[in-house]
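Worksheet: the structure to be examined is printed underneath.
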Amino acid sequence: PDFTPSSKLLTIGSILYVCVRPAEDQITTKITQVNYFVLEHNAETPYGPYFSVVMGEPSTATQVTGLDTRKVIIGVRMPDKFFDTPTNMIGTGQIILSDQSLLRSDKVPRSFEFVVDIWIATKNM
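Just remember that this note's numbering sits 1386 ahead of the position in the sequence shown, which is counted from 1.
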């Protein structure tokens, strides 16, 4: 798959795919865990946040694939409530990184937080 960052307008069907990878210059870094991933509307709505991964455990509507590699995909089956309003969403998450370099003396896992802006084209538009 193409992991090139994109700012194109998205039309989301029933599954949202989020691709996460380390920076290009971090060639020995692998993603060992998705610590959390939360989706929420970018404005006041009657809906609360949707927690798709909590404490490293995906919800029943979420799949995480590619752990212990440089490219992880989080697939989330979105609840209908997210398509009932034209409000954009924000996804926030945290991954745990591990450096596999033989030259590094510190093998302590590091965390990295990421944010995804999701522009919604809803059923009602």
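All C-beta atoms, glycine included, are put in the ideal place defined by N, C-alpha and C.
All values derive from a computational prediction rather than experimental measurement.
Could you tell me if residue i is buried or exposed, where buried requires 16 or more neighbouring beta carbons within 10 angstroms of its beta carbon?
i     : result
V1450 : buried
Y1436 : buried
V1501 : exposed
T1508 : Any answer about T1508 is weak, because its pLDDT of 47 lies below 50 and its placement is not dependable; what the coordinates show is given next. T1508 is exposed by the Cβ-count criterion.
V1404 : buried
Are the CB atoms of residue j and residue i within a distance shorter than 8 angstroms?
i     : j     : result
T1414 : I1482 : no
G1471 : H1427 : The amino acid at residue 1471 is misidentified as Gly; the sequence shows Thr. In this structure, H1427 lies closer than 8 angstroms to T1471 by Cβ.
V1458 : T1448 : no
V1424 : I1460 : no
Q1480 : F1468 : no
Near residue i, which residues of its chain fall below 7 angstroms by C-beta distance, leaving aside the five closest residues on each side in sequence?
i     : result
P1444 : S1438, V1450
Output the boundary residues of the beta strand (DSSP E) element that contains residue i.
i     : result
Q1412 : First-last for Q1412: undefined, no H or E at that position.
F1437 : 1436-1440
S1497 : 1496-1504
R1407 : Careful: R1407 lies outside any beta strand (DSSP E) and carries neither H nor E.
T1451 : 1448-1451
R1456 : Counting along the chain, R1456 falls outside any beta strand (DSSP E), and DSSP gives it neither H nor E.
M1464 : That residue, M1464, is in no beta strand (DSSP E); it is neither H nor E in DSSP.
If I measure Cβ to Cβ from residue i and keep anything under 6 angstroms in the same chain, skipping five residues before and after, which residues do I get?
i     : result
M1464 : L1402
D1485 : T1414, T1415
With 8 angstroms set as the bound, which would you pick, yes or no: does the beta-carbon of residue i sit closer than that to a beta-carbon of chain D?
i     : result
Q1419 : No chain D is part of this structure, which consists of one protein chain only.
Tell me which residues share the same chain as residue i and place their Cβ nearer than 8 angstroms to its Cβ, disregarding the 5 neighbours each side in the sequence.
i     : result
V1440 : Y1422
L1453 : I1417, T1418, Q1419, V1420
I1504 : L1396, I1398, L1402, L1425, N1474, M1475, I1476, G1477
I think residue i touches residue j, with their Cβ atoms under 8 angstroms apart; what is that distance to the nearest whole Å?
i     : j     : result
R1456 : P1495 : That belief does not hold up - the Cβ atoms of R1456 and P1495 are roughly 15 angstroms apart, past 8 angstroms.
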